[in-house]
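Take any residue in the sequence shown, count from 1 to its spot, add 3: that is its number in our numbering.
A virtual CB, placed ideally from N, CA and C, is assigned to each residue, including glycine.
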Amino acid sequence: MIVIVAIIFVTTSRERLVRGLKPTNCDFSAINIHRRGADPSDSFVRRDGRADTQSLVTVIRSHAERDPEFRRLVERNDLNDNGIPDRNLRVIYDALLSSPARGQAREYITDGRSATQVVYSVRADATQAEITADARDVADRYRFEATATGSVVVFQAISDLIFESAITSLGVALAGTALFLLVSYWWLLDRISYGVVNLVPILVAVSLVAGTMRLAGIPFNALTATILAITIGLGIDYSVHVVQRFADEFEQQDLPTALDRTVRGTGGALAGSMLTTVFGIGVLVLSLFPAIGQFGLLMATSVIYSFLTSLVVLPSVLVVRDRLVGESGFRDALRRARGRRAAGED
Numbered sequence: 004m005i006v007i008v009a010i011i012f013v014t015t016s017r018e019r020l021v022r023g024l025k026p027t028n029c030d031f032s033a034i035n036i037h038r039r040g041a042d043p044s045d046s047f048v049r050r051d052g053r054a055d056t057q058s059l060v061t062v063i064r065s066h067a068e069r070d071p072e073f074r075r076l077v078e079r080n081d082l083n084d085n086g087i088p089d090r091n092l093r094v095i096y097d098a099l100l101s102s103p104a105r106g107q108a109r110e111y112i113t114d115g116r117s118a119t120q121v122v123y124s125v126r127a128d129a130t131q132a133e134i135t136a137d138a139r140d141v142a143d144r145y146r147f148e149a150t151a152t153g154s155v156v157v158f159q160a161i162s163d164l165i166f167e168s169a170i171t172s173l174g175v176a177l178a179g180t181a182l183f184l185l186v187s188y189w190w191l192l193d194r195i196s197y198g199v200v201n202l203v204p205i206l207v208a209v210s211l212v213a214g215t216m217r218l219a220g221i222p223f224n225a226l227t228a229t230i231l232a233i234t235i236g237l238g239i240d241y242s243v244h245v246v247q248r249f250a251d252e253f254e255q256q257d258l259p260t261a262l263d264r265t266v267r268g269t270g271g272a273l274a275g276s277m278l279t280t281v282f283g284i285g286v287l288v289l290s291l292f293p294a295i296g297q298f299g300l301l302m303a304t305s306v307i308y309s310f311l312t313s314l315v316v317l318p319s320v321l322v323v324r325d326r327l328v329g330e331s332g333f334r335d336a337l338r339r340a341r342g343r344r345a346a347g348e349d
């Protein structure tokens, strides 16, 4: 079985592809490695129109330049005079592994000669996702079975898993919160729509946090991936306080007055709570460990967003809810009827 392993070292701008190709049984394996260097992907460094690579072919050519006898052996098995043997690879490898170049060759071929590696130079400005995609594309173009791997490829795979985990945890947290709010407001106020209203500012806050991560270039890691779900837990406090105060005010006042009293009264208390929380969590930004600093920054940002959406977005949502439910019109008509009844009794 043939396996390609792509190992990418971004700091040194090196990309390694390890490929198992049973070289003792396939005379054209070396030339196949050479051909894959033509028309390189965008993230690969080019040299003379080809991908800049290091492989067993490089060792063969280098040793042939230093050893006349080995060079003649390669030339006898080179059908197209390109310095790469096309046949009798078993003999070529035996000679190479018996020479002073054995240590070099062992870097690119396994003991059982069932796998070899090709190292591609990559551009330092290429992104992790681009390098991973190009490495997998190169692996797919080999005649034999190939698999791309390596530090960047592995890190990209880990990033994808972390992102999937973050989305899953976000969905679970959102579903659990929604269910709890719907049941709570139905049980306490007989207004299930208040539970739905609570979720809107939280969704906006989560979206703003994700957008901030994107703009600031903060990647998903073991710490930052949890921030989206945590935002729900932190932000729901603000929206619940606002909705509960509004529900109390709305029992006695019309919609504009209830909203005004809610924002003026509860907004001040929430502002104090927000500031103390932000300053407390924001201390993590001073951490010497970057991941913890990013986590603290995102936590503080999520609290600010949750506070702002509760006082800016939530009142608008409450107005929309009232128009859909028609509760204000019903209450105004009820108040007018009560007023006429009271006037008639007088």
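*Between the segment 95-105 and the segment 56-69, are three or more C-beta pairs nearer than 8 angstroms?*
yes
Problem - Contact set for Met302: own chain, Cβ-Cβ below 6 angstroms, skip 5 residues either direction - result: Within the same chain, Met302 has close Cβ partners Ile284.
> Apart from the five residues on each side of it in sequence, which residues of its chain come closer than 6 angstroms, Cβ to Cβ, to Thr27?
Replying inline: Confidence is the limiting factor: at Thr27 the pLDDT is only 39, short of 50, which leaves the residue's position unreliable and the question unanswerable from this model.
Exercise. Where does Leu24 land, buried or exposed, given buried means 16+ other C-beta within 10 angstroms?
Worked result: Any reading at Leu24 must be qualified, since the residue scores a pLDDT of 40, below 50, and its modelled position is unreliable; no value is offered.
Problem - For Ala127, three-class secondary structure by DSSP - result: Reduced to three states, the DSSP call for Ala127 is coil.
Notebook entry, point to check: With C-beta atoms as the reference, is Ala129 less than 8 angstroms away from Arg139?
Noted result: In this structure, Ala129 sits away from Arg139, with a CB-CB distance that is not shorter than 8 angstroms.
- Query: Are the CB atoms of Val286 and Val306 nearer to each other than 8 angstroms?
  - Reply: Against a cut-off of 8 angstroms, the Cβ pair of Val306 and Val286 comes out as no contact.
- Message: Based on DSSP bridge pairs, tell me the residues matched to Ala181.
- Response: Note: Ala181 sits in no beta bridge, so no partner.
Where the beta strand (DSSP E) through Thr1 begins and ends | There is simply no residue 1 to check, as the chain begins at 4 and stops at 349 in what is shown.
Notebook entry, point to check: Between which two residues does the alpha helix (DSSP H) containing Asp240 stretch?
Noted result: Ile230 to Phe253
Exercise for the section: Inspect the CB distances between the segment 293-302 and the segment 225-245 and report whether three or more fall short of 8 angstroms. Expected result: yes
Helix, strand or coil for Ala67, going by three-state DSSP, please let me know. helix
**Asked** Hey, would you say Ala208 sits closer than 8 angstroms to Thr234, going by beta carbons?
**Response** yes
Checklist entry - Looking only at its own chain, which residues have a Cβ that is under 8 angstroms from the Cβ of Ala132, when we skip the five neighbours before and after it? => result Gln159
**OP:** Determine the DSSP secondary structure at Thr171, reduced to helix, strand or coil.
**Re:** Of the three classes helix, strand and coil, the one that applies to Thr171 here is helix, per DSSP.
**Item:** Beta-bridge pairing of Phe47 - partner residues as DSSP gives them
**Value:** Val125
Practice problem: Given a cut-off of 8 angstroms, decide if Val156 and Val3 are closer than it, judged by their beta-carbon atoms. | Solution: Coverage of the chain is limited to positions 4 through 349, which leaves residue 3 absent and any answer about it impossible.
query = If you draw a straight line from the C-alpha of Met4 to the C-alpha of Ile112, how long is it?
reply = Residue confidence is low: Met4 scores 30 on pLDDT, short of 50, so the model does not pin down where it sits. Its coordinate-derived value is still stated next. Their Cα atoms are separated by approximately 14 angstroms.
- [ ] Taking Gln297 and Ile221 to be in contact with their CB atoms under 8 angstroms, please state how far apart those CB atoms are, rounded to whole angstroms.
- [x] 5 angstroms
Here's the rule I'm using: 16 or more other beta-carbon atoms within 10 Å means buried, otherwise exposed. How should Ala118 be labelled? buried
Q) So, helix, strand or coil for Ile112, using DSSP? A) Ile112: strand per DSSP, three-state reduction.
* So what's Arg90 in DSSP terms, helix, strand or just coil? -> Here Arg90 sits in coil by DSSP.
Q. How about Ser168 and Tyr241: do their beta carbons lie closer than 8 angstroms?
A. no
| request: May I ask whether a heavy atom of the ligand ADP can be found less than 7 angstroms away from the beta carbon of Arg53? | output: Only the bare structure without any ligand can be found here, which leaves the ligand ADP out of the picture.
Secondary structure at Arg53, three-state DSSP: helix, strand or coil? Strand at Arg53.
Straight-line gap, Pro1 to Phe73 (C-alpha atoms, nearest Å):
Since the displayed the chain opens at 4 and closes at 349, residue 1 lies outside it and no answer follows.
| Ile295 lies in the alpha helix (DSSP H); which residues open and close that run? | Pro293 to Val328
Could you compute how far the alpha carbon of Gly179 sits from the alpha carbon of Arg126? 45 angstroms
Next item on the list: Taking the CB atoms as reference points, tell me whether Leu273 and Asp325 lie closer together than 8 angstroms.
Entry: Result no, Cβ atoms of Leu273 and Asp325 do not sit closer than 8 angstroms.
Would you say Phe73 faces chain B, with C-beta separation under 8 angstroms as the test? Reference to chain B is not applicable here, since this structure consists of a single protein chain.
* Indicate the three-state DSSP secondary structure (helix, strand or coil) for Asp137 in the structure shown. => helix
Express the C-alpha separation of Asp193 and Val316 in angstroms, rounding to a whole number. 23 angstroms
Quick one: measure Cβ to Cβ for Gly174 and Leu185, integer angstroms, because I've assumed they're closer than 8 angstroms. At roughly 16 angstroms, the Cβ-Cβ gap does not stay under 8 angstroms, so Gly174 and Leu185 are not in contact.
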